[in-house]
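Residue numbers (the UniProt record's numbering): 1 to 214.
Encoded structure:
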């Protein structure tokens, strides 16, 4: 599966390895810190890289000057429509229409498998979500947590991770003790005792739900 960010990160690294840009001490440049990501402001382009910023010290060159050298290298790539330097030395890239058309073709051809990868193979992930319990009313946040948690777990599985979905059932502890005491207070109230304060409406709702299931 094609990952745009990884693809252009690799392109930049290859261009640097083939260029005359070298470290000032003669050692191979450490390219591991180079990253490509979406710019914070979409109007700046499709991609942004920190290559000049992270390499300037090793090269012994001002980041913006180094960025201009990288711009000259990147302009030769047929998938790049334009390149410009922003701020102290960040490089913004805008990709060609043909690149995006080809990407759409890849998406259509791949169908439901588009995006699947093995980047998570060998990595275990535990996703805990919702964990709603009977000690308080259910609300829209529980629904949101269920959807977000399940989607996140599925995405991680899609990228090869060994995923465990975890949903705690709260059936012990202080909150359950409070619930039990509240039910007992309702029992006393039903027998005619005047109970000053307890979550009456919620307890009644639970009792009616349980009654309907009997």
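Ideal Cβ positions, reconstructed from N, Cα and C, are used throughout, including at glycine.
In the DSSP assignment, residue 166 falls within the unbroken beta strand (DSSP E) covering 162-166. Counting other Cβ atoms within 10 Å of its Cβ, residue 161 reaches 16 or more and is therefore classed as buried. DSSP, read as helix, strand or coil, puts residue 147 in helix. Excluding residues up to 5 positions away in sequence, nothing lies with its Cβ nearer than 6 Å to the Cβ of residue 176 in the same chain.
For the UniProt domain "Arginyl tRNA synthetase N-terminal" (6-95), the continuous alpha helix (DSSP H) assignments of 4+ residues that do not extend past its boundaries occur at 51-59, 63-74, in sequence order. Closest option to residue 112, judged by alpha-carbon separation, among 52, 195, 155: 155. Residue range 124-128 is occupied by the beta strand (DSSP E) that includes residue 124. DSSP places residue 116 outside both helix and strand once states are collapsed to three, so it counts as coil.
For residue 181, the secondary structure class from DSSP, reduced to helix, strand or coil, is helix. Boundaries of the alpha helix (DSSP H) around residue 108: 97-110. Cβ atoms of residue 74 and residue 93 come within 8 Å of each other, at about 7 Å. For the pair residue 58 and residue 34, the CB atoms are not nearer than the 8 Å cut-off. Distance between residue 190 and residue 180, taken at the CA atoms: about 15 Å.
If you draw a straight line from the Cα of residue 185 to the Cα of residue 195, it comes to about 7 Å. Comparing alpha carbon positions, the residue from 102, 91, 41 closest to residue 64 is 91. In the three-state reduction of the DSSP assignment, residue 173 falls in the coil class, being assigned neither a helical nor a strand state. If you ignore the 5 residues before and after residue 45, its C-beta comes within less than 7 Å of the C-beta of 39, 92, 93, 94, all in its own chain and listed in chain order.
Linking residue 49 to residue 37 through their CA atoms gives a straight-line distance of about 7 Å.
Measuring C-alpha to C-alpha distances from residue 149 to each of 109, 88, 163, 83 identifies 163 as the nearest. Cβ atoms of residue 15 and residue 55 stay farther apart than 8 Å, at about 12 Å.
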